[in-house]
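Asker: Before we start, here is the structure in question, set down as structure tokens.
In the working numbering, the protein residues as written are 236 to 395.
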């Protein structure tokens, strides 16, 4: 039996909203860097000091967490995650990448639509020691990294 949902009954999912054309300062069309039939990727609206340009890879279907993810959507998310990690490595000049995904509040989940974080990594960046230092990033700062990744990936980046 699957764990209970943590999504509030009137939850306005930001990732579903982006796909429907509902935007705000933290969720803009300019954040999108890749779209496939089952998944999409966007520049994250929140960054850690030494890991600018982080990306979120998201299934297009509304799935709260890993427990509910279909094998087909899981494959699509993983394939896009691999492409994004490679694109980040090639276009950002970073020394590596890290990937993580959270399930339920105790696991660190705070958006109720599954997503995978892809971080650019640098020697001694202390990503995991700086969790309390994350900050919201301006659309202009996000656009710089979105442009780099869209150019590197050469993939569709709209939902049309």
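Ideal placement from N, C-alpha and C gives every residue a C-beta, glycine not left out. It should be emphasised that the depicted structure is a prediction, and the values quoted were computed from it without experimental measurement.
What separation, rounded to the nearest whole angstrom, lies between the Cα atoms of residue 277 and residue 292?
Answerer: Residue 277 sits at position 42 when you count from the first residue of the chain shown. Residue 292 sits at position 57 when you count from the first residue of the chain shown. Taking the straight line joining both Cα atoms gives about 7 Å.
Asker: Contact check, residue 316 vs residue 351 under 8 Å by CB: the rounded distance?
Answerer: Taking the chain shown and counting its residues from 1, one reaches residue 316 at position 81. Taking the chain shown and counting its residues from 1, one reaches residue 351 at position 116. 5 Å between Cβ atoms; contact.
Asker: For the beta strand (DSSP E) that residue 335 lies in, which residues bound it at each end?
Answerer: Looking up residue 335 in the chain shown gives position 100. Residues 331-335.
Asker: Quick one: what does DSSP say residue 385 is sitting in, helix, strand or coil?
Answerer: Along the chain shown, read from residue 1 onward, the residue named residue 385 stands at position 150. Of the three classes helix, strand and coil, the one that applies to residue 385 here is helix, per DSSP.
Asker: What's the gap between the Cα of residue 320 and the Cα of residue 363?
Answerer: Along the chain shown, one-based indexing puts residue 320 at 85. Along the chain shown, one-based indexing puts residue 363 at 128. When rounded, the distance between both Cα atoms is 18 Å.
Asker: Give the straight-line distance between the Cα atoms of residue 243 and residue 338, rounded to the nearest whole angstrom.
Answerer: The residue labelled residue 243 in the question sits at position 8 within the chain shown. The residue labelled residue 338 in the question sits at position 103 within the chain shown. Each residue's alpha carbon lies about 15 Å from the other.
Asker: Report all residues from its chain with a CB closer than 7 Å to the CB of residue 295; omit the five preceding and five following residues, and keep chain order.
Answerer: Stepping through the chain shown from its first residue, residue 295 is reached at position 60. If we look at residue 295 and ignore the five residues flanking it on each side, its Cβ neighbours are 254, 273, 274 and 275.
Asker: Among all the DSSP beta bridges, which residues are the ones paired with residue 259?
Answerer: Locating residue 259 in the chain shown gives position 24, where the first residue counts as 1. Answer is 262, bridged to residue 259.
Asker: On the three-state DSSP scale, how would you describe residue 276?
Answerer: Taking the first residue of the chain shown as position 1, residue 276 is located at position 41. Residue state, collapsed to three classes: strand.
Asker: Write down the C-beta distance between residue 368 and residue 283 rounded to the nearest angstrom, noting that I regard them as a contact closer than 8 Å.
Answerer: Along the chain shown, one-based indexing puts residue 368 at 133. Along the chain shown, one-based indexing puts residue 283 at 48. Yes, they are in contact, since the Cβ atoms of residue 368 and residue 283 sit about 6 Å apart, within 8 Å.
Asker: When you compare each of 288, 297 and 359 to residue 246 by their alpha carbons, which one comes out closest?
Answerer: As a first step, residue 246 is located in the chain shown; it is residue number 11 there, counting from the start. Considering only alpha carbons, the answer is 297.
Asker: Under a Cβ-count criterion, where at least 16 other Cβ atoms within 10 Å of its own Cβ denotes burial, should residue 358 be classed as buried or exposed?
Answerer: Along the chain shown, read from residue 1 onward, the residue named residue 358 stands at position 123. By the neighbour-count rule (16 or more Cβ atoms within 10 Å), residue 358 is not buried but exposed.
Asker: Among the candidates 257, 248, 250 and 303, whose CA atom is the shortest distance from the CA of residue 238?
Answerer: Your numbering for residue 238 matches position 3 in the chain shown. Residue 303 is the option with its Cα nearest to residue 238.
Asker: Taking residue 312 as part of the alpha helix (DSSP H), name the residues at either end of that continuous run.
Answerer: Taking the first residue of the chain shown as position 1, residue 312 is located at position 77. Start and end: 306-327.
Asker: Going by beta carbon distance, what residues of the same chain come within less than 7 Å of residue 370, once the five residues before and after it are set aside?
Answerer: Numbered from its first residue, the chain shown carries residue 370 at position 135. Excluding positions up to five away in sequence, the list reads 281 and 282.
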